[in-house]
Amino acid sequence: MYLGPRPAALGLLLMCAATARAGNAEELHYPQGEHRTDYDREALLGGQDEVDEYVKLNPEEQHTRLKSIIKKIDLNSDGFLTESELSSWIQMSFKHYAMQEAKQQFVEYNKNNDDTVTWDEYNIQMYDRVIDFDENTALDDAEEESFRQLHLKDKKRFEKANRDSSPGLSLEEFIAFEHPEEVDYMTEFVIQEALEEHDKNHDGFVSLEEFLGDYRRDPTATEDPEWILVEKDRFVNDYDKDNDGRLDPEELLLWVMPNNQGIAQEEALHLIDEMDLNGDRKLSEAEILENQDLFLTSEATDYGRQLHDEYFYLYHDEL
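Letter by letter, the sequence shown follows residues -15 to 303 of the working numbering.
The following block contains the structure:
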C-alpha cells in the first residue's frame, strides 16, 4: 500500500520494517556485502507456506518450470538473458504481484459484494469502525493528531482515485488508491501532497532541510546520527539528480513513489555478475541452470514464488 511522503525519521522506521523491496533492501539482502540466500528463501518467499511449497516441488519439476520462465524472460528468443531483459521481467513481476494483492484486498474490503469499495467499507476493514475527523480541528494529543493527519490524507487520496465520483471505488480505482505509482492520473496528486507537507517556504521545491523535517542537530553532538547521514546520502545520490540542492516535482516522485526500475536493474546486474561464467555480460540457459539455487533466491523468480504461479511458467501469451 502507498504510504505517501513521510518525514525522514518516520520514513526510516517504515523502511526498516518493510520487505526487501523497501528502501533498505540492499542492507538486508547483502549485509556486509554478503548475499544471504537463507534470508531470501525463508523471509522473502512470502511466508512459511510458500517455503513449504518450494520444498515440495521435486527437482525435475523445478527444472522444467524454471526453463519455461527463462524462455519467457528471453524477449528476443536469442537464447540469452540480458540486463535489460532481466530488469524488464523483474519490474513486470513487481507490478503483477502488486495488482494481485490489490485485487485480493478489494474482495476483502467489499463487504456487500456490490463490486465497489466505499470509504466506510475501507474504514471498517482497516479499523473495525468508521472514523470521521473534522478536517479543520486539530487534536491535542500528538499521536492522535498524527493519526488524524494520515487518515485525512488517505481520504483525499481515496477521493482522487474515484474518477467518476460514484459512492465507491471500482477495482481499477481501488488499484489507483492502493498503488498510485502504477496509475498516471494519480501522479499530480502525489506530487501536490508531497509539496503541501514538505515545501515549507512554498517555492515549489523541497530542500535538504525540508526533506529532513523537524530534525535539528543536538548542539552538544559533534556529528549527525547515523540515520541522518543515511538520509542525506539518499537525498544527494538517489533523489537530487541535477545536484542543485533541492528536489523538483519530478525528483520528488523518486522519493514519495519509489521506482522499481532501480531495484530491478540492480538485481539484474547482480545476477549477471554472479552467474556469467564466460564474461559476455549475458546469461545462457546453461549458466542459469548451473546456478539454479541463486536464480531461485532472486527477484528474477520472486524468490522462487514464480515456480508456483502459473501466470509465469505456463501462460506465455498473457505476459
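We treat Cβ as the ideally placed atom computed from N, Cα and C, and that holds for glycine.
Note that the structure is a prediction, hence the values are computed from the model and not measured.
Per DSSP, cross-strand counterpart(s) of residue i
{"i": "G152", "result": "T102"}
{"i": "S191", "result": "R230"}
For residue i, three-class secondary structure by DSSP
{"i": "F90", "result": "helix"}
{"i": "L213", "result": "helix"}
{"i": "F173", "result": "helix"}
{"i": "S268", "result": "strand"}
{"i": "L65", "result": "strand"}
{"i": "G263", "result": "coil"}
{"i": "G31", "result": "Confidence at G31 is low in this model, with a pLDDT of 42, below 50, so the placement of that residue is unreliable and no value is reported for it."}
{"i": "P(-9)", "result": "The pLDDT assigned to P(-9) is 43, lower than 50, so where the model puts this residue is not dependable, and the model offers no usable value."}
{"i": "T121", "result": "coil"}
{"i": "T204", "result": "coil"}
{"i": "K95", "result": "coil"}
{"i": "H135", "result": "helix"}
{"i": "M76", "result": "helix"}
{"i": "L59", "result": "coil"}
{"i": "I256", "result": "helix"}
{"i": "I115", "result": "coil"}
{"i": "D222", "result": "helix"}
Proximal residues to residue i (C-beta, below 6 angstroms), its chain only, five neighbours per side dropped
{"i": "D33", "result": "Caution applies to D33, whose pLDDT of 49 falls short of 50 and renders its modelled position unreliable; the value that the coordinates give is listed next. There are no such residues."}
{"i": "N314", "result": "Given that the chain is displayed from residue -15 to residue 303, the structure contains no residue 314 and the question cannot be resolved."}
{"i": "S52", "result": "Y297"}
{"i": "R132", "result": "F117 and L123"}
{"i": "W239", "result": "Y223"}
{"i": "A248", "result": "S71, I74 and Q75"}
{"i": "K144", "result": "F173"}
{"i": "F195", "result": "F219"}
{"i": "R49", "result": "L291 and Y297"}
{"i": "T66", "result": "K266"}
{"i": "D104", "result": "V114"}
{"i": "S77", "result": "D286"}
Residues near residue i by beta carbon distance below 8 angstroms, same chain, minus five either side
{"i": "Q16", "result": "At Q16, the pLDDT of 49 sits below 50, so the modelled position is not reliable; the number obtained from the coordinates is stated separately. If we look at Q16 and ignore the five residues flanking it on each side, it has no Cβ neighbours."}
{"i": "M83", "result": "I159, H163 and E166"}
{"i": "N188", "result": "Going by the sequence as given, residue 188 is Gly instead of Asn. Cβ neighbours of G188 beyond the five flanking positions: L179, D232 and P233."}
{"i": "E235", "result": "Y223, D224, K225 and D226"}
{"i": "Q46", "result": "Q276, L280 and L291"}
{"i": "D58", "result": "F64, L65 and E69"}
Sequence-distant residues of its chain with Cβ nearer than 7 angstroms to residue i (five each side left out)
{"i": "R201", "result": "D208"}
{"i": "D293", "result": "none"}
{"i": "K184", "result": "E194"}
- Three or more beta-carbon pairs under 8 angstroms between the segment 84 to 99 and the segment 173 to 180, yes or no? no
- Cβ pair count under 8 angstroms reaching 3, the segment 224 to 243 against the segment 270 to 289: no
- Task: Check whether the segment 197 to 205 touches the segment 134 to 143, taking contact to mean three or more Cβ pairs, one atom from each stretch, closer than 8 angstroms.
- Result: no
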